[in-house]
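Residue numbers (UniProt numbering): 1 to 73.
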């Protein structure tokens, strides 16, 4: 398989997995499948990660995410 095909498949898989997390978190239903609302929420998260509270937010969100994954097992 050509290198560009491999990279394309890897990117496609990544996008599908990330979309799955959005659904898994319940954001699609909570935002009534409003893409502008979801995008605005993501922009808010991105702004927080660019700010001074980046490390605190990452620690908190990683901990919550790990717990949620463990609860599903």
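The C-beta atom is built at its ideal place from N, Cα and C for all residues, glycine as well.
The DSSP assignment places 27-30 and 35-50 as complete runs of the alpha helix (DSSP H) inside the segment 19-69, in order along the chain (cut-off: 4 residues).
Residue 49 places its beta carbon 8 Å or farther from that of residue 41.
Secondary structure of residue 1 (DSSP, three-state): coil. Rounded to the nearest angstrom, the gap between the Cα atoms of residue 60 and residue 66 is 10 Å.
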